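Residue 3 in UniProt numbering sits at position 3 of the sequence shown, with consecutive numbering throughout.
The structure appears right after this line, and notes come after that.
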Amino acid sequence: MGRCSQLFHPRNFLLSYHQPKKFVTFEWGWPTVYLIWRVFWALYHLIWTILTGVYAYEWTTSKANEITWFIYLTHWGYVVLTVSAIMEMVASIHIKCNRPDITAGQSDEMSVYLKAVWVMVNVSNAASFAISVLFWGLLYTPAYTLTTADVATHALNSFYVLANLMITAVPIRLYHFIHPTIFSVIYIVFTVIYHFAGGKNGLDKPYIYSVIDWSKPETAALYGALAALVLTPLCHVVVFLIYLARTAIFNACLKREEADFELEERKQRNF
1 MGRCSQLFHP
11 RNFLLSYHQP
21 KKFVTFEWGW
31 PTVYLIWRVF
41 WALYHLIWTI
51 LTGVYAYEWT
61 TSKANEITWF
71 IYLTHWGYVV
81 LTVSAIMEMV
91 ASIHIKCNRP
101 DITAGQSDEM
111 SVYLKAVWVM
121 VNVSNAASFA
131 ISVLFWGLLY
141 TPAYTLTTAD
151 VATHALNSFY
161 VLANLMITAV
171 PIRLYHFIHP
181 TIFSVIYIVF
191 TVIYHFAGGK
201 NGLDKPYIYS
211 VIDWSKPETA
221 ALYGALAALV
231 LTPLCHVVVF
241 LIYLARTAIF
251 NACLKREEAD
261 FELEERKQRN
271 F
(Lines of atoms letter the chains of each structure in order from A; the text may use other names.)
(Lines give C-alpha, C1' and ligand atoms only; values in the text may rest on other atoms or scores of the structure.)
Protein backbone atom coordinates (compact mmCIF):
# COMPACT_ATOMS: atom_id res chain seq x y z
CA MET A 1 0.00 0.00 0.00
CA GLY A 2 2.87 2.35 0.78
CA ARG A 3 4.30 2.02 -2.72
CA CYS A 4 0.88 2.59 -4.34
CA SER A 5 0.10 5.60 -2.19
CA GLN A 6 3.41 7.16 -3.25
CA LEU A 7 2.81 6.48 -6.94
CA PHE A 8 -0.67 8.01 -6.92
CA HIS A 9 -0.14 10.89 -4.49
CA PRO A 10 -1.47 14.23 -5.86
CA ARG A 11 2.01 15.78 -5.49
CA ASN A 12 3.06 13.62 -8.42
CA PHE A 13 1.38 16.11 -10.74
CA LEU A 14 4.36 18.35 -9.89
CA LEU A 15 7.96 18.20 -11.09
CA SER A 16 9.75 17.86 -7.78
CA TYR A 17 12.06 14.88 -7.29
CA HIS A 18 14.53 14.04 -4.54
CA GLN A 19 17.16 12.31 -6.73
CA PRO A 20 18.22 14.55 -9.64
CA LYS A 21 21.05 12.12 -10.46
CA LYS A 22 18.38 9.80 -11.91
CA PHE A 23 18.16 12.16 -14.89
CA VAL A 24 21.82 11.76 -15.85
CA THR A 25 22.59 8.09 -15.44
CA PHE A 26 21.55 4.57 -16.31
CA GLU A 27 19.45 2.70 -13.79
CA TRP A 28 22.60 0.87 -12.63
CA GLY A 29 24.92 3.89 -12.80
CA TRP A 30 27.80 4.21 -15.29
CA PRO A 31 27.58 8.02 -15.78
CA THR A 32 30.42 8.12 -18.32
CA VAL A 33 28.86 5.45 -20.55
CA TYR A 34 25.55 7.24 -20.11
CA LEU A 35 27.12 10.45 -21.43
CA ILE A 36 28.32 8.62 -24.55
CA TRP A 37 24.79 7.23 -24.98
CA ARG A 38 23.35 10.73 -24.75
CA VAL A 39 25.79 12.31 -27.20
CA PHE A 40 25.23 9.52 -29.75
CA TRP A 41 21.44 9.78 -29.72
CA ALA A 42 21.37 13.57 -29.69
CA LEU A 43 23.51 13.62 -32.84
CA TYR A 44 21.55 10.76 -34.41
CA HIS A 45 18.18 12.49 -33.94
CA LEU A 46 19.55 15.85 -35.06
CA ILE A 47 20.88 14.30 -38.27
CA TRP A 48 17.56 12.60 -38.99
CA THR A 49 15.62 15.80 -38.31
CA ILE A 50 17.73 17.48 -40.99
CA LEU A 51 17.42 14.52 -43.37
CA THR A 52 13.62 14.50 -43.18
CA GLY A 53 13.77 18.01 -44.62
CA VAL A 54 16.34 17.02 -47.23
CA TYR A 55 14.11 14.12 -48.32
CA ALA A 56 11.02 16.38 -48.56
CA TYR A 57 10.88 15.76 -52.31
CA GLU A 58 9.65 12.23 -51.52
CA TRP A 59 6.29 13.48 -50.23
CA THR A 60 5.74 16.88 -51.92
CA THR A 61 4.61 17.86 -55.40
CA SER A 62 6.91 20.86 -55.77
CA LYS A 63 9.91 22.62 -54.25
CA ALA A 64 7.60 25.30 -52.88
CA ASN A 65 5.62 22.68 -50.98
CA GLU A 66 8.64 21.58 -48.97
CA ILE A 67 7.74 24.28 -46.44
CA THR A 68 4.85 22.02 -45.41
CA TRP A 69 7.44 19.93 -43.52
CA PHE A 70 6.42 22.01 -40.52
CA ILE A 71 2.74 21.01 -40.55
CA TYR A 72 3.04 17.26 -39.98
CA LEU A 73 2.59 15.60 -36.59
CA THR A 74 5.42 13.21 -37.46
CA HIS A 75 7.84 16.12 -37.67
CA TRP A 76 6.44 17.90 -34.62
CA GLY A 77 6.99 14.70 -32.66
CA TYR A 78 10.46 14.08 -34.04
CA VAL A 79 11.55 17.66 -33.32
CA VAL A 80 10.37 17.22 -29.72
CA LEU A 81 12.26 13.92 -29.54
CA THR A 82 15.40 15.59 -30.89
CA VAL A 83 15.17 18.59 -28.57
CA SER A 84 14.60 16.22 -25.65
CA ALA A 85 17.70 14.19 -26.56
CA ILE A 86 19.81 17.34 -26.93
CA MET A 87 18.58 18.72 -23.60
CA GLU A 88 19.41 15.44 -21.87
CA MET A 89 22.88 15.49 -23.44
CA VAL A 90 23.48 19.06 -22.24
CA ALA A 91 22.28 18.17 -18.74
CA SER A 92 24.61 15.16 -18.64
CA ILE A 93 27.65 17.17 -19.77
CA HIS A 94 26.93 20.06 -17.40
CA ILE A 95 26.35 17.88 -14.36
CA LYS A 96 29.35 15.64 -15.06
CA CYS A 97 31.65 18.66 -15.44
CA ASN A 98 30.20 21.07 -12.90
CA ARG A 99 27.98 19.19 -10.43
CA PRO A 100 29.75 16.05 -9.18
CA ASP A 101 27.56 16.31 -6.06
CA ILE A 102 24.53 15.40 -8.18
CA THR A 103 26.29 12.48 -9.87
CA ALA A 104 27.35 11.22 -6.44
CA GLY A 105 23.78 11.47 -5.15
CA GLN A 106 24.70 14.14 -2.60
CA SER A 107 22.22 16.75 -3.85
CA ASP A 108 18.42 16.75 -3.94
CA GLU A 109 18.18 20.03 -5.87
CA MET A 110 15.88 19.66 -8.87
CA SER A 111 16.82 22.61 -11.10
CA VAL A 112 14.39 24.35 -13.45
CA TYR A 113 16.40 22.95 -16.37
CA LEU A 114 16.02 19.35 -15.18
CA LYS A 115 12.30 19.94 -14.73
CA ALA A 116 12.14 21.18 -18.33
CA VAL A 117 14.04 18.05 -19.41
CA TRP A 118 11.50 15.92 -17.58
CA VAL A 119 8.58 17.60 -19.38
CA MET A 120 10.25 17.11 -22.75
CA VAL A 121 10.96 13.46 -21.97
CA ASN A 122 7.31 12.92 -21.02
CA VAL A 123 6.07 14.55 -24.22
CA SER A 124 8.53 12.80 -26.53
CA ASN A 125 7.95 9.35 -25.02
CA ALA A 126 4.17 9.27 -25.40
CA ALA A 127 4.16 11.27 -28.65
CA SER A 128 6.61 8.85 -30.29
CA PHE A 129 4.50 5.82 -29.40
CA ALA A 130 1.29 7.58 -30.46
CA ILE A 131 2.76 8.69 -33.81
CA SER A 132 3.94 5.15 -34.53
CA VAL A 133 0.49 3.73 -33.71
CA LEU A 134 -1.28 6.33 -35.86
CA PHE A 135 1.04 5.82 -38.82
CA TRP A 136 1.01 2.02 -38.87
CA GLY A 137 -2.65 1.78 -37.81
CA LEU A 138 -4.31 4.48 -39.92
CA LEU A 139 -2.03 5.75 -42.68
CA TYR A 140 0.11 2.83 -43.81
CA THR A 141 -1.27 0.45 -46.47
CA PRO A 142 0.45 -2.36 -48.41
CA ALA A 143 0.45 -0.05 -51.44
CA TYR A 144 2.39 2.60 -49.53
CA THR A 145 6.07 2.84 -50.46
CA LEU A 146 8.09 3.06 -47.28
CA THR A 147 11.11 5.37 -47.25
CA THR A 148 14.09 5.37 -44.90
CA ALA A 149 12.70 8.54 -43.34
CA ASP A 150 9.40 6.73 -42.65
CA VAL A 151 11.24 3.95 -40.83
CA ALA A 152 13.34 6.42 -38.84
CA THR A 153 10.42 8.61 -37.76
CA HIS A 154 7.69 5.98 -37.31
CA ALA A 155 9.56 2.87 -36.10
CA LEU A 156 13.06 3.65 -34.87
CA ASN A 157 11.72 6.59 -32.88
CA SER A 158 9.67 4.22 -30.73
CA PHE A 159 12.53 1.72 -30.54
CA TYR A 160 14.73 4.47 -29.11
CA VAL A 161 12.07 5.45 -26.57
CA LEU A 162 11.63 1.84 -25.50
CA ALA A 163 15.40 1.32 -25.11
CA ASN A 164 15.67 4.54 -23.16
CA LEU A 165 12.85 3.53 -20.85
CA MET A 166 14.40 0.13 -20.17
CA ILE A 167 17.92 1.23 -19.26
CA THR A 168 17.97 4.89 -18.15
CA ALA A 169 17.02 5.94 -14.63
CA VAL A 170 14.67 8.82 -15.55
CA PRO A 171 11.51 8.41 -13.43
CA ILE A 172 8.03 8.38 -14.94
CA ARG A 173 4.93 9.60 -13.13
CA LEU A 174 1.46 8.53 -14.20
CA TYR A 175 -0.02 11.99 -13.63
CA HIS A 176 2.43 13.50 -16.11
CA PHE A 177 0.14 12.23 -18.89
CA ILE A 178 -1.00 15.84 -18.92
CA HIS A 179 2.24 16.94 -20.65
CA PRO A 180 1.92 14.88 -23.88
CA THR A 181 -1.86 15.41 -23.85
CA ILE A 182 -1.40 19.19 -23.94
CA PHE A 183 1.06 18.75 -26.81
CA SER A 184 -1.49 16.67 -28.73
CA VAL A 185 -4.32 19.12 -28.10
CA ILE A 186 -2.13 21.99 -29.33
CA TYR A 187 -1.48 20.07 -32.55
CA ILE A 188 -5.18 19.36 -33.13
CA VAL A 189 -5.98 23.06 -32.61
CA PHE A 190 -3.22 23.86 -35.12
CA THR A 191 -4.84 21.57 -37.72
CA VAL A 192 -8.13 23.46 -37.32
CA ILE A 193 -6.47 26.87 -37.73
CA TYR A 194 -4.39 25.64 -40.67
CA HIS A 195 -7.44 24.26 -42.46
CA PHE A 196 -9.59 27.36 -42.11
CA ALA A 197 -6.64 29.53 -43.12
CA GLY A 198 -6.70 27.70 -46.46
CA GLY A 199 -3.60 25.59 -45.86
CA LYS A 200 -2.76 22.51 -47.91
CA ASN A 201 -0.44 19.57 -47.38
CA GLY A 202 2.64 18.64 -49.39
CA LEU A 203 0.48 16.93 -52.04
CA ASP A 204 -1.77 20.01 -52.45
CA LYS A 205 -4.65 18.39 -50.57
CA PRO A 206 -6.87 20.68 -48.44
CA TYR A 207 -5.92 18.91 -45.23
CA ILE A 208 -2.80 17.75 -43.40
CA TYR A 209 -3.94 14.17 -42.90
CA SER A 210 -6.99 12.68 -44.61
CA VAL A 211 -8.31 11.32 -41.30
CA ILE A 212 -8.35 14.85 -39.87
CA ASP A 213 -10.04 16.68 -42.74
CA TRP A 214 -11.95 19.61 -41.21
CA SER A 215 -14.18 19.87 -44.28
CA LYS A 216 -15.77 16.83 -42.58
CA PRO A 217 -15.86 18.29 -39.05
CA GLU A 218 -17.62 15.41 -37.28
CA THR A 219 -15.12 12.81 -38.48
CA ALA A 220 -12.14 15.10 -37.96
CA ALA A 221 -13.28 16.02 -34.44
CA LEU A 222 -13.78 12.35 -33.57
CA TYR A 223 -10.33 11.28 -34.79
CA GLY A 224 -8.71 14.35 -33.25
CA ALA A 225 -10.32 13.75 -29.86
CA LEU A 226 -9.45 10.06 -29.89
CA ALA A 227 -5.83 10.80 -30.79
CA ALA A 228 -5.31 13.63 -28.32
CA LEU A 229 -7.50 12.61 -25.39
CA VAL A 230 -7.46 8.80 -25.55
CA LEU A 231 -4.47 7.47 -27.50
CA THR A 232 -1.89 9.89 -26.13
CA PRO A 233 -2.77 9.34 -22.44
CA LEU A 234 -2.88 5.58 -23.08
CA CYS A 235 0.60 5.73 -24.57
CA HIS A 236 1.79 7.52 -21.44
CA VAL A 237 0.21 4.76 -19.34
CA VAL A 238 2.24 2.23 -21.38
CA VAL A 239 5.36 4.31 -20.73
CA PHE A 240 4.54 4.30 -17.02
CA LEU A 241 4.06 0.51 -16.97
CA ILE A 242 7.41 0.00 -18.72
CA TYR A 243 8.98 2.21 -16.05
CA LEU A 244 7.41 0.10 -13.28
CA ALA A 245 8.70 -3.08 -14.94
CA ARG A 246 12.20 -1.60 -15.23
CA THR A 247 12.37 -0.53 -11.60
CA ALA A 248 10.94 -3.87 -10.43
CA ILE A 249 13.59 -5.79 -12.42
CA PHE A 250 16.37 -3.52 -11.17
CA ASN A 251 15.24 -3.79 -7.53
CA ALA A 252 15.00 -7.57 -7.79
CA CYS A 253 18.52 -7.76 -9.25
CA LEU A 254 19.80 -5.39 -6.57
CA LYS A 255 18.31 -7.51 -3.79
CA ARG A 256 19.85 -10.63 -5.34
CA GLU A 257 23.22 -8.88 -5.55
CA GLU A 258 22.98 -7.73 -1.92
CA ALA A 259 22.02 -11.24 -0.81
CA ASP A 260 24.98 -12.73 -2.71
CA PHE A 261 27.31 -10.14 -1.16
CA GLU A 262 26.06 -10.91 2.36
CA LEU A 263 26.46 -14.64 1.74
CA GLU A 264 30.03 -14.13 0.53
CA GLU A 265 30.85 -12.01 3.59
CA ARG A 266 29.42 -14.68 5.87
CA LYS A 267 31.55 -17.36 4.19
CA GLN A 268 34.67 -15.25 4.60
CA ARG A 269 33.96 -14.68 8.30
CA ASN A 270 33.38 -18.40 8.87
CA PHE A 271 36.58 -19.23 6.99
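Ideal Cβ placement from N, Cα and C applies to all residues, glycine included.
Bear in mind the structure is a predicted one, so any value in this text is a computation, not a measurement.
Does the separation of the CB atoms of I212 and Y223 fall below 8 Å?
Looking up residue 212 in the sequence shown gives position 212. Looking up residue 223 in the sequence shown gives position 223. Yes; because the gap between Cβ atoms is below 8 Å, this pair is in contact.
Would you mind stating whether N12 and Y209 have Cβ atoms separated by less than 8 Å?
What you label residue 12 is simply residue 12 of the sequence shown in a count that begins at 1. What you label residue 209 is simply residue 209 of the sequence shown in a count that begins at 1. No; because the gap between Cβ atoms is not below 8 Å, this pair is not in contact.
For T168, list the residues DSSP reports as bridge partners.
Taking the sequence shown and counting its residues from 1, one reaches residue 168 at position 168. DSSP, once it has assigned bridges, lists F26 as partnering T168.
Using 8 Å as the cut-off, can you tell me whether the segment 139–150 makes contact with the segment 93–110, which would need three or more C-beta pairs spanning the two stretches below that distance?
Contact fails: fewer than three Cβ-Cβ distances are below 8 Å.
Nearest to I172 by alpha carbon, out of H236, M110, F196 and F135?
Looking up residue 172 in the sequence shown gives position 172. When each option's Cα is compared against that of I172, the closest is H236.
Does DSSP put A104 in a helix, in a strand, or in coil?
On the sequence shown, position 104 is the one that residue 104 refers to. The answer is coil: DSSP assigns A104 none of H, G, I, E or B.
Applying the criterion that 16 or more other CB atoms from any shown protein chain within 10 Å of the CB defines a buried residue, is Y160 buried or exposed?
What you label residue 160 is simply residue 160 of the sequence shown in a count that begins at 1. Buried, by the Cβ-count rule.
Report buried or exposed for N201, applying the criterion of at least 16 other Cβ atoms within 10 angstroms of its Cβ.
Taking the sequence shown and counting its residues from 1, the one referred to as residue 201 is at position 201. The residue is buried, with at least 16 neighbouring Cβ atoms inside 10 Å.
Is F8 a contact residue of the ligand HEM, with contact defined as CB to any heavy atom under 7 Å?
You won't find the ligand HEM in this model; it holds no ligand whatsoever.
Do you know whose CA, among A127, I186, V90 and L15, lies nearest V238's CA?
The sequence position of residue 238 within the sequence shown is 238, counting from 1. V238 has its Cα closest to that of A127, out of A127, I186, V90 and L15.
In angstroms with no decimal places, state the Cα-to-Cα distance between P180 and A227.
Start at 1 with the first residue of the sequence shown, and residue 180 comes out as number 180. Start at 1 with the first residue of the sequence shown, and residue 227 comes out as number 227. When rounded, the distance between both Cα atoms is 11 Å.
On the three-state DSSP scale, how would you describe A227?
As a working mapping, residue 227 is identified with position 227 in the sequence shown. Reduced to three states, the DSSP call for A227 is helix.
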